[in-house]
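Numbers 1 to 259, taken from full-length UniProt numbering, label the letters of the sequence shown in order.
A virtual CB, placed ideally from N, CA and C, is assigned to each residue, including glycine.
Keep in mind the model is a prediction, meaning the values are calculated, not measured.
These notes are about the structure you will find just below.
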Amino acid sequence: MLLKDKVVIITGVGPGMGCKMATIAAAEGASVVMSARSAAFVDGVAAEIVAAGGRAIAVPSDVTRIEDCDRVAQAAIDAYGRIDGLVNSAFRFVGGLPFGREALPEWQASLDVALFGTLKMIDAVIPHMKARREGSIVNVSTRSTMQPLAGEGPYVAAKTALLGVSRQLAMEFGPYNIRVNSPRMGWLWGDPVRGYLTAKAEKRGVPLDEVVAEIVRDIPLGVIPPDEECARSVLFFLSDHARMVTGTSLDINGGQFMM
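Structure representation (structure tokens):
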């Protein structure tokens, strides 16, 4: 099992890759602590994991509130005694927003969630990791940091900042045997993207398959990467197979962007 006996916190657990990371981590032997604003959703995911024989708790929380981040970390300690890994996947996304003064509040809001929410969550767990001199932190970023799209400035700015933060903290935390990495995700085929592309197809008056085919043409592997497959790649960073991997990024996009 990839994550046998590890205790993992995952933020931003929603109906897409966040949910898949939680369920797969549990299936791979981890005790999972899930954070999200929607209590009903994370409670449901936790119940599914437990029903399947896994170990999980849900902690409804808002990563922009440092007291909530402290509460998530303490819940992990109270339930499982330690924290081995943290996946920061909470984010805020608003597309179609050209730069301008009226858009600045959205830039701030995106940074508050994806950047400062990540920093607050790291601040909450790092004393526990330092005390054990071991840990792995994964800050989920995006292909858009390398191939930005018009109108996505707030999201891209926040996710780009995570790349620099990850390298900086990998340097600072390395002496404590704590690793920090930041994968860049591309398209993730699951309910959120399916819904987004369905709405896009309806607006254009074309079949969903046509919109999907336009995207797939730029992906060498010939498929929009399933969110569960991408989740497994992210969880690799938490495993003992990545003990010598820190301060780096991994492009998880089916080859749509290569570097």
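Only residues of its own chain outside the window of five on either side were considered, and among them LEU3, LYS6 and VAL8 have a CB closer than 6 angstroms to the CB of ALA30, listed in chain order.
In the DSSP assignment, the residues bridged to ARG55 are SER31. Counting along the chain, the unbroken beta strand (DSSP E) around THR11 starts and ends at 7-11.
Excluding residues up to 5 positions away in sequence, ARG143, MET146, GLN147, ARG184, GLY186 and ASP251 lie with their Cβ nearer than 8 angstroms to the Cβ of PHE257 in the same chain. Across the structure, ASP84 and ALA90 are spaced so that their CA atoms are roughly 19 angstroms apart. Checking the DSSP bridge columns, you'll see ASN139 partnered with ASN88.
The beta carbon of THR248 sits closer than 7 angstroms to those of ASN181, all from its chain and outside the five residues before and after it, given in chain order. Taking a C-beta distance under 9 angstroms as the contact criterion, LEU162 and ASN88 qualify as a contact pair. Counted as a single uninterrupted DSSP element, the beta strand (DSSP E) harbouring ILE178 occupies residues 178-181. With distances taken between CA atoms, SER38 lies nearest to PRO15 out of ASP112, PRO15, SER110 and ARG243.
Annotation: GLU152 to ALA109 spans about 13 angstroms, alpha carbon to alpha carbon. Secondary-structure assignment with DSSP links ASP251 through a beta bridge to ARG184.
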